[in-house]
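Taken in order, these protein sequences are the chains called A and B.
Going by my numbering, the first residue of the first sequence is number 1225, and it counts up by one from there.
Going by my numbering, the first residue of the second sequence is number 1225, and it counts up by one from there.
Cβ atoms here follow ideal geometry from the backbone N, Cα and C, with glycine treated the same way.
In this text the structure is predicted, and so the values were computed from the model without any measurement.
Protein chains: 2
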Amino acid sequence: MTTIHDVAKRANVSISTVSRVLNNSPLVTAEKRERVLEAIRELGYQPNALARGLIHRRTQTIGVLIPDVSNFFFAEVFRGMEDVAHARGWNVMICNTDGDPRRMLKYIEVLREKRVDGVIFTSEPVSEDYYRALLKLEVPVVLAATTSGYDFPSIKVNDEQASFEAANYLIEQGHRNLGMIAGSSHDPIAGVPRVAGFRRALQEAGIADIDRRIVHGDYRFESGKQATEELLGRFPEMTAIFAASDEMALGIISYAYERGIRVPEELSVVGFDNVKIAQMSNPPLTTVAQPLYQIGEKAADCLLDMITKTVEHKGLHYLKHQLIVRGTVKEIKQLTDERTLK
Amino acid sequence: MTTIHDVAKRANVSISTVSRVLNNSPLVTAEKRERVLEAIRELGYQPNALARGLIHRRTQTIGVLIPDVSNFFFAEVFRGMEDVAHARGWNVMICNTDGDPRRMLKYIEVLREKRVDGVIFTSEPVSEDYYRALLKLEVPVVLAATTSGYDFPSIKVNDEQASFEAANYLIEQGHRNLGMIAGSSHDPIAGVPRVAGFRRALQEAGIADIDRRIVHGDYRFESGKQATEELLGRFPEMTAIFAASDEMALGIISYAYERGIRVPEELSVVGFDNVKIAQMSNPPLTTVAQPLYQIGEKAADCLLDMITKTVEHKGLHYLKHQLIVRGTVKEIKQLTDERTLK
DNA sequence: CTGAAAGCGCTTACAG
DNA sequence: CTGAAAGCGCTTACAG
């Protein structure tokens, strides 16, 4: 591969001069500049980013730690990151951690070796081990779709509030016998707060027996089906279920379909996330939208701002969630209304 | 950040010695090795991959050119690549091209600057521009889920044959009035060959009017819905539709659901790809599976073999497709049988 | 076995 | 304005 020396020789100048035109230095005569440019063109020369990076201590690369890009949710968040990185002239090194601590720690080390300029840590809780490893990186870190007790800026949705609104919507539509398929109770991000929001809504509505109305899944389709069976076993008359992920919500719909339970006539369903498949189900899924792509965009923007010292970011940034009403919730007359009518 | 000099000073040896223990050279006394290791640990030193890469002319990084990771299909293929890269000690730089030639060419340049050790080019036809740019890279290139007239090894499924089998399956199930929602007729990979396979099956079965039975979509959900409307407008009695992607197949199901057409009782559907959502539809989608994850794995393995010169790969490698029978196809008695019975 | 030196491909004061 | 030189953080013949 051609180097700066080849160009210098061909243009009959020193490598310093070549370097100057490469870096748009004004102190080169028009004539030499032309000669150099010409030589570059003829040779198809491109500067070696490694050599440049070594000197500038900047690689123009950021690392993205993410559980699994083949997951609908992460795929969209990631796309937002990649797009702004690209637009701002950065590249991204992707690291699928699978939620595996060994893999995560290994990847953080690799990112350190490669001297990435910054890191986006996505969707997982920040353990103390992770925190220490991240600090050693000595570069800016931004949290996407998660948050922590440490001082990394983080971009996410207000899970408690979003969940509260979803449950509340169901209640407003007249449902009183409702349940929830939650995420993991060990998950401080998408697990605990969403349960808390659900709880708050039911409490305010004076609905009893809340604990038994909550079953835990793992956010995936299959667990949504199983959890529905469990829930309907406990409350055969249940009229609505809120799931902490769209995939689990699709599991509810599938379960209902298999048993001949009509959605939404007999069972209303609300999901969480608004991944692309939410609009492809039958009926299309009513869900709480997280601005996935924007979370990725904002996280990348925030990180690049910190790297280039344009702006200093701190603390927790909430992005707006939004209830998307499609076809899986039916309004039902409340018992009290019916009694009143008689 | 600490350098090899810091370690050398602390361990009271030369940087050559530090370098040797870093590279597991046998020519270092146990005692010095210990001292160096100790210093490395205390300092939390990690060698700079840029400096190493500069010398070795190897970055331990591969580039992946892919249209859009947020797409179900590519996300899974990509995951396969990332997993083997990781397992074999390589990192991956991801480049979402969006099928945009400017973006593609720009990315190939960037990969050249960054001196990646190899490139996987995914799912797009290789234009002459791309070919030239790829050649200039001077590193191995492997094609995943696509192929070309050039001499890059490529990993894909036999689209014509897979499509033929899908159509044939429908015919075997007694369908004679069937249609296809194809991809783009400008797409030499997932467009043209799949239409050809469909055609061949209908021809062999002596089914007439083939041209009118084919409508083109863009692989996405919405176009599947629209194409269904078009097809059913032309052939109101149509009993089965084969789609060149699962997403379009889901579009067929949605269209049917909205119009009260029962799947599979009144309309059978077969998809292509077997992305994760295929099993989440109601009824679950019968489809031709491409081994997505394995295509990614194999492409990465093939590339890394070439980079490390373990093996030389050439030509076209077909990975096996497979018809996955789920719930969207109904067997119907053929008219001829019914007549025979009477 | 070990260290000084050259070199990977660049950038950037420094002197002219 | 321009080139020689030093240096970014490493590896690896070379001499001892």
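Coarse secondary structure for residue i, derived from DSSP in three states
| i | result |
| --- | --- |
| residue 1210 (chain B) | Residue 1210 (chain B) lies beyond the stretch modelled for chain B, which goes from 1225 to 1566, so this question has no answer here. |
| residue 1399 (chain B) | coil |
| residue 1542 (chain A) | strand |
| residue 1452 (chain A) | helix |
| residue 1268 (chain B) | coil |
| residue 1566 (chain A) | In this predicted model, residue 1566 (chain A) has a pLDDT of only 37, less than 50, meaning its place in the structure is not dependable; the value taken from the coordinates is given anyway. In the structure shown, residue 1566 (chain A) sits in coil (DSSP, three-state: anything other than H, G, I, E or B). |
| residue 1338 (chain A) | coil |
| residue 1548 (chain A) | strand |
| residue 1561 (chain A) | Residue placement at residue 1561 (chain A) cannot be trusted, given a pLDDT of 48 that sits under 50; the coordinates are not used to answer. |
| residue 1531 (chain B) | helix |
| residue 1256 (chain B) | helix |
| residue 1350 (chain B) | coil |
| residue 1407 (chain B) | coil |
| residue 1502 (chain A) | helix |
| residue 1380 (chain B) | strand |
| residue 1227 (chain B) | coil |
| residue 1513 (chain A) | strand |
| residue 1419 (chain A) | helix |
| residue 1477 (chain B) | helix |
| residue 1519 (chain B) | helix |
| residue 1344 (chain B) | strand |
| residue 1387 (chain B) | helix |
| residue 1444 (chain A) | coil |
| residue 1325 (chain B) | helix |
| residue 1235 (chain A) | helix |
Endpoints, the beta strand (DSSP E) within which residue i is located
| i | result |
| --- | --- |
| residue 1367 (chain A) | 1365-1368 |
| residue 1317 (chain B) | 1315-1320 |
| residue 1440 (chain A) | 1438-1440 |
| residue 1496 (chain A) | 1492-1497 |
| residue 1290 (chain A) | 1285-1290 |
| residue 1466 (chain B) | 1464-1467 |
Residue i, enclosing alpha helix (DSSP H) - first and last residue
| i | result |
| --- | --- |
| residue 1459 (chain A) | It is not in any alpha helix (DSSP H) - residue 1459 (chain A) carries neither H nor E in the DSSP assignment. |
| residue 1240 (chain A) | 1239-1246 |
| residue 1311 (chain B) | 1296-1311 |
| residue 1280 (chain A) | 1273-1280 |
8 Å Cβ cutoff met for residue i and residue j
| i | j | result |
| --- | --- | --- |
| residue 1404 (chain A) | residue 1466 (chain A) | yes |
| residue 1461 (chain B) | residue 1444 (chain B) | no |
| residue 1289 (chain A) | residue 1331 (chain A) | yes |
| residue 1278 (chain A) | residue 1275 (chain B) | yes |
| residue 1527 (chain A) | residue 1286 (chain A) | yes |
| residue 1273 (chain A) | residue 1231 (chain A) | no |
| residue 1302 (chain B) | residue 1499 (chain B) | no |
| residue 1377 (chain B) | residue 1545 (chain B) | no |
| residue 1413 (chain B) | residue 1371 (chain B) | yes |
| residue 1344 (chain A) | residue 1524 (chain A) | yes |
| residue 1475 (chain A) | residue 1447 (chain A) | yes |
| residue 1311 (chain A) | residue 1519 (chain A) | no |
| residue 1337 (chain B) | residue 1397 (chain A) | no |
| residue 1293 (chain B) | residue 1293 (chain A) | yes |
| residue 1468 (chain B) | residue 1406 (chain B) | yes |
Distance cut-off 7 Å: residue i Cβ against heavy atoms of the ligand PLP
| i | result |
| --- | --- |
| residue 1518 (chain B) | Inclusion of the ligand PLP in the displayed structure is not the case, the ligand content being empty and no account of it being possible. |
- prompt: Can you list, in chain order, the residues of the region 1301-1323 of chain B whose Cβ is nearer than 7 Å to any Cβ on chain A?
  reply: From the region 1301-1323 of chain B, only 1302, 1303, 1306, 1315, 1316, 1317, 1318, 1320 have a Cβ closer than 7 Å to chain A.
field: Short-range partners of chain B found in the region 1475-1501 of chain A, where Cβ spacing is below 7 Å
entry: So the list reads 1477, 1478, 1481, 1501, given in the order they occur along the chain.
- request: Determine which residues of the region 1265-1281 of chain B have a Cβ less than 7 Å from any Cβ of chain A, and write them out in chain order.
  value: Those residues of the region 1265-1281 of chain B placed with their C-beta closer than 7 Å to a C-beta in chain A are 1268, 1270, 1271, 1272, 1273, 1274, 1275, 1277, 1278, ordered along the chain.
task: Taking only beta carbons into account, state which residues of the region 1335-1349 of chain B come closer than 8 Å to chain A, listed in chain order.
output: Listed in sequence order: 1336, 1337, 1338, 1339.
Proximal residues, the region 1241-1252 of chain B versus chain A, C-beta separation under 9 Å: Residues passing the 9 Å Cβ filter: none.
task: Check distances from the C-beta atoms of the region 1359-1383 of chain A to those of chain B and list, in chain order, the residues that come in under 8 Å.
output: Of all residues in the region 1359-1383 of chain A, 1360, 1362 have a Cβ within less than 8 Å of some Cβ in chain B.
- request: Name, going along the chain, the residues of the region 1426-1450 of chain B whose beta-carbon falls closer than 8 Å to a beta-carbon of chain A.
  value: So the list reads 1445, given in the order they occur along the chain.
task: Using a Cβ-Cβ cut-off of less than 7 Å, list which residues of the region 1512-1535 of chain B approach chain A; keep chain order.
output: Taking 7 Å as the Cβ-Cβ cut-off against chain A, none of the residues of the region 1512-1535 of chain B qualify.
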